[in-house]
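Undergrad: Handing you this structure, nothing more for now.
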Amino acid sequence: MNNSNDIEFLPVEDIKSFQEDLLRKQILYLQKHSPYYQRMFAEHNINPVDIRSIEDLQQLPFTDKHDLQAYNNDFLCCPKDMIIDYVTTSGTLGEPVTFGCSDKDLQRLAYNEKKSFSCAGVTKHSVVQLMTTLDKRFMAGMAYFNGLRLLGAGVVRVGNGIPELQWNTILRLRPDTIMCVPSFILRLIDYAELNGIDYHNCSIRRIIGIGEGLRNQDFSLNLLGGRIHERWPEVELYATYSSTEMSATFSECKYACGGHVHPELIIVEIIGEDGKPVPDGETGEVVVTTLGVEAMPLLRFRTGDIAAKITTPCKCGRNSYRLTPLIGRKNNMIKLKGTTLYPPAINDVLDNVEYVENYVIVVRPSAAGTDEVVVRIGLKTQFNSTPTDDIIKDLKDHFRARLRVAPIVEVYPTDVIQRINFPAKSRKPIRFIDERKK
């Protein structure tokens, strides 16, 4: 696809008209095939043919994770023998939800990832090392692989973890791009320095991050992104945002001013506390309507993620809107000593101190009925002889400098934290535990 026939490069009015045509088709498809949405239309006295514009979506109720959990089979819009791949969500906000994908859905996912990788500068001449799992019912890992195949790029499927294997592969096969959770990059750098690997002059020129933020709301690098850039300045950093429910990925382009939304695949609303759209540029909850999904399309799905929509044109020439870096998840909001926080802000501090090897953040109710935050850390080997009180004081000072408040800090053996971070059934690191009653 070139710029001349990519909808993202057309005028904003044309993009909106194009999206609304797809929306009308999607609504009629749901009316015909979705038991869940058939029931919803009837219960709310909604005539689907009246939903003709993006603004008309406000007439419809939201769909949320609890609906998917309670009525999972009712969201299926095709016979089960058309499902060729089953995936589940990561379960970050509760029990995982199962999604079935038809062959058409997998083709759509590959197309989405082809566009996202292209946005991040990957071409058919690139070789991409995937440091993500393709098993454990993980939609994104397979989507990345199929998207790169569609793009024509070379793929090296190493999987997550194991710095030694990652570096062995990089030095042997010389990929120019790696895709992984950003905090793992610091482990790669540490391993390279300990083992005499000249990573500054290796083949890697691009890092595409998943699952963790790299930038602040003003698009400057956050502490984690800044630390990676400081230690490995030769590489370009690209952040992405995706989820199983969205069946889409939004990637930054080289100008790093938000994740580009692919308008032929998804409609995004940003919703305030009153359930109504907020003005462009203001933060709110990301609500999505998928377009072109065959097996389990979603209408006005509340993701729980907090971000803002940017509608000014990007220097790359794309006129479709973009999303700012995520502030956090709505359900994970913390009120600590009168200050509102989200876990990514705490992560950002912990990822930027030299003595922390691993950590987990626990939020629990205090005796006073407010939120209490406990940060449990494991120390890097060279800091094991440092007095614990000195470590705790220094880390609390970092928190106060960055967040104005400091949580409780506890030091644990690294192997204890490791077992919490990587339980047997999880495909993502567990670094946040919420013990509050919901």
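All residue numbers for the sequence shown refer to my numbering, where the first residue is 401 and numbers rise by one. Ideal Cβ positions, reconstructed from N, Cα and C, are used throughout, including at glycine.
1. Could you please give the first and the last residue of the uninterrupted alpha helix (DSSP H) stretch that includes Gln507?
2. Is DSSP giving Ile727 helix, strand or coil here?
3. Would the segment 630 to 643 and the segment 733 to 742 be scored as touching if the rule is three or more Cβ pairs under 8 angstroms?
4. Would you report the Cα separation of Ile484 and Val497, rounded to the nearest angstrom?
5. Take every Cβ of the segment 512 to 532, pair it with every Cβ of the segment 568 to 582, and state whether three or more of those distances are shorter than 8 angstroms.
6. May I ask you to list the residues that DSSP assigns as paired with His660?
7. Could you pull the DSSP bridge partners for Glu669 from this structure?
8. Which residues does DSSP list as the beta-bridge partners of Asn758?
9. Exposed or buried, what is Ser583 when buried is set at 16 or more other beta-carbons lying within 10 Å of its beta-carbon?
10. Look at the Cβ atom of Pro813, then the Cβ atom of Phe822, and state whether they are nearer than 8 angstroms.
11. On the DSSP letters alone, give me the boundaries of the alpha helix (DSSP H) that Tyr437 sits inside.
12. Given Glu453, which residues of its chain have a CB within under 6 angstroms of its CB, disregarding the five upstream and five downstream residues?
13. Count the other CB atoms, across all protein chains shown, that sit within 10 Å of the CB of Val763; report buried if there are 16 or more and exposed otherwise.
14. Thinking Thr689 and Leu428 are a contact (beta carbons under 8 angstroms), I'd like their distance in whole angstroms, please.
15. Under 8 angstroms, do Thr770 and Lys796 count as touching if we go by C-beta distance?
16. Within the continuous beta strand (DSSP E) that includes Arg606, where are the two ends?
17. So, with DSSP's three-state summary, where would you put Asp464?
18. Please state the DSSP three-state secondary structure of Ile817.
19. From this set, Leu723, Gly626, Gly672, Ala824, which residue's C-alpha is nearest Glu381's C-alpha?
20. Relative to the alpha-carbon of Glu757, which residue among Pro411, Val773, Lys780 has its alpha-carbon at the smallest distance?
21. Can you tell me the Cβ-Cβ gap for Ala510 and Ala543, rounded? I've got them flagged as a contact below 8 angstroms.
22. To the nearest angstrom, how far is it from the Cα of Leu410 to the Cα of Ile667?
23. Relative to the C-alpha of His798, which residue among Val775, Val816, Thr786 is closest?
24. Using alpha carbons as the reference points, say which of Thr711, Arg557, Arg605, Val686 lies closest to Tyr641.
25. Report, in whole angstroms, the separation of the C-beta atoms of Leu548 and Val555, which I expect to be a contact under 8 angstroms.
26. Does Ser583 come out as helix, strand or coil in the three-state DSSP assignment?
27. Taking Gly611 as the reference, which of Ala656, Ser643, Thr712 has the closest Cα?
28. In terms of residue numbering, what span does the alpha helix (DSSP H) encompassing Leu551 cover?
29. Looking only at C-alpha atoms, which of Tyr436, Leu588, Ile670 sits nearest to His600?
30. Taking the C-alpha atoms as reference points, what is the distance between Ile451 and Leu457?
31. Examine the Cβ distances between the segment 429 to 443 and the segment 456 to 476 and report whether three or more of them are shorter than 8 angstroms.
32. Just to confirm the assignment, what range does the beta strand (DSSP E) spanning Thr640 have?
33. Please determine, among Asn616, Met482, Thr569, Asp618, the residue with the shortest C-alpha to C-alpha distance to Ile859.
34. Between Val773 and Ile817, is the Cβ-Cβ spacing less than 8 angstroms?
35. Please tell me whether Leu347 and Ala695 are closer than 8 angstroms, where the distance is taken between their beta carbons.
36. Any contact between the segment 660 to 678 and the segment 616 to 632? By contact I mean 3 or more CB pairs, one from each, below 8 angstroms.
TA: Checking against the coordinates, here is how it stands:
1. 503 to 519
2. coil
3. no
4. 17 angstroms
5. yes
6. Ser651, Arg722
7. Val687
8. DSSP output for Asn758 lists Gly778 as bridge partner(s).
9. buried
10. No; because the gap between Cβ atoms is not below 8 angstroms, this pair is not in contact.
11. First-last of the alpha helix (DSSP H) with Tyr437: 435 to 443.
12. Here the sequence assigns Ser to residue 453, which means Glu is not the residue at that position. Counting only Cβ-Cβ distances below 6 angstroms, and skipping sequence neighbours, we find Glu420.
13. buried
14. Rounded, the Cβ-Cβ distance is 14 angstroms, inconsistent with contact.
15. No, the pair does not count as a contact, with Cβ atoms beyond the cut-off.
16. If you look at Arg606, you'll find it in the beta strand (DSSP E) that goes 606 to 609.
17. coil
18. helix
19. There is simply no residue 381 to check, as the chain begins at 401 and stops at 838 in what is shown.
20. Lys780
21. The C-beta distance from Ala510 to Ala543 rounds to 7 angstroms, short enough to meet the 8 angstroms contact threshold.
22. 16 angstroms
23. Val775
24. Val686
25. 5 angstroms
26. helix
27. Ser643
28. 539 to 551
29. Leu588
30. 7 angstroms
31. yes
32. In the DSSP assignment, Thr640 falls within the unbroken beta strand (DSSP E) covering 636 to 643.
33. With the chain covering 401 to 838 only, the question about residue 859 has no answer from this structure.
34. no
35. The chain is shown from 401 up to 838; residue 347 falls before or after that span and cannot be answered.
36. Touching, no, given that fewer than three Cβ pairs across the two stretches are closer than 8 angstroms.
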